[in-house]
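Q: All residue numbers for the sequence shown refer to the working numbering, where the first residue is 110 and numbers rise by one.
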Amino acid sequence: MLPVFAATAGALGLAGCGSGDLSAAAPSASAPSSSVSPTYTVTASTAEPTPPPSTSAAPTGTGLCTAKDVKLALGEGDAAAGSFYRPLLITNADAEPCTVQGFPGVSYVAGEDGHQVGEAAYRSGTKGDQVRLNPGDTAAAVIQFVNVHNYPDDLCRPTPVRGLRIYLPQETDANFVPMPGTGCANPDLPGNQLAVKTVHPA
Numbered sequence: 110m111l112p113v114f115a116a117t118a119g120a121l122g123l124a125g126c127g128s129g130d131l132s133a134a135a136p137s138a139s140a141p142s143s144s145v146s147p148t149y150t151v152t153a154s155t156a157e158p159t160p161p162p163s164t165s166a167a168p169t170g171t172g173l174c175t176a177k178d179v180k181l182a183l184g185e186g187d188a189a190a191g192s193f194y195r196p197l198l199i200t201n202a203d204a205e206p207c208t209v210q211g212f213p214g215v216s217y218v219a220g221e222d223g224h225q226v227g228e229a230a231y232r233s234g235t236k237g238d239q240v241r242l243n244p245g246d247t248a249a250a251v252i253q254f255v256n257v258h259n260y261p262d263d264l265c266r267p268t269p270v271r272g273l274r275i276y277l278p279q280e281t282d283a284n285f286v287p288m289p290g291t292g293c294a295n296p297d298l299p300g301n302q303l304a305v306k307t308v309h310p311a
């Protein structure tokens with residue numbers, strides 16, 4: 110190592126004398142660069158294999174089910190204690206798999222303009238696991254419908270409804286499910302006229 114420092118010091122001394130002496134320092138400076146250059150070549154070659162794994166890993170997972178991907182219907186249900194329960198059936202009608210997780214948004218709608226009647230459904234229970242729907246597969250979410258005649262008319266403000274507006278979890282476009290009946294227009298009812306549970310495999 111000592112000869113290298115000496116050469117460097119000599120080069121610095123010559124640099125102060127004039128531009129003519131800089132050409133003499135060039136050969137000594139070029140010699141170390143030739144020994145260092147293979148090190149850069151090796152590191153560059155070892156870094157090259159890393160891109161292929163990232164490209165092969167790109168197509169992962171499936172997209173969320175959207176309003177246009179599914180067909181919705183109400184299944185047969187049960188009645189208990191002033192309420193009845195029916196499963197909302199969510200069927201993948203698309204040619205590609207999709208996933209759904211969480212609580213659908215559910216509300217009564219009325220009139221030609223489809224305006225909402227009363228509060229949207231209360232989310233009952235905890236959020237479930239993600240459900241993957243291959244083409245033709247069905248998931249379900251149970252909806253509780255409170256018998257609106259349990260409420261006094263002046264409190265409920267009974268209103269004819271055409272059916273249900275349904276938003277899939279994390280979706281901003283809605284679907285309509287026909288279900289003629291009666292809903293309470295009062296948004297401040299004690300309790301909930303509608304409640305919905307998380308999506309689960311059917």
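Built from N, CA and C at the ideal position, the CB exists for glycine as well. Being a predicted model, the structure only gives us computed values, none of them experimental.
If the criterion is Cβ atoms closer than 8 Å, does the pair GLN210 and VAL305 meet it?
A: no
Q: What is the residue span of the alpha helix (DSSP H) that LEU264 lies within?
A: Note, LEU264: alpha helix (DSSP H), 262-265.
Q: With distance defined between alpha-carbon atoms, name the residue in ALA229, ALA176, ASN256 and PRO213 nearest to ALA190.
A: ASN256
Q: Where does GLY300 land, buried or exposed, given buried means 16+ other C-beta within 10 angstroms?
A: exposed
Q: Counting Cβ pairs, one atom from each stretch, are 3 or more of them under 8 Å apart for the stretch 202-221 and the stretch 237-247?
A: yes
Q: Exposed or buried, what is GLY292 when buried is set at 16 or more other beta-carbons lying within 10 Å of its beta-carbon?
A: When all chains shown are included, GLY292 counts as buried.
Q: Would you mind giving the Cβ-Cβ distance between PRO278 and PRO213, rounded to the nearest angstrom? I have them listed as a contact below 8 Å.
A: 6 Å
Q: Out of ASN243, ASP203 and ALA294, which one is the CA nearest neighbour of THR268?
A: ALA294
Q: With a CB to CB cut of under 6 Å and the five nearest residues on each side skipped, what residues in its chain are close to LYS180?
A: THR200 and ALA202
Q: Take ALA229 and list the residues in its own chain whose beta-carbon comes closer than 8 Å to its own, dropping the five residues that flank it on each side.
A: So the list reads GLY214, VAL215, SER216 and LEU303, once near-sequence residues are dropped.
Q: Go through the stretch 219-278 residue by residue and report every complete run of the beta strand (DSSP E) that reaches 3 residues or more, in order.
A: 224-226, 240-242, 247-255 and 267-276
Q: Under the rule that 16 or more other beta-carbon atoms within 10 Å means buried, what is ALA204, buried or exposed?
A: exposed
Q: Excluding the 5 residues flanking LEU298 on each side, which residues of the same chain have their C-beta closer than 8 Å to its C-beta?
A: GLY227, GLU228, TYR260, LEU264 and CYS265
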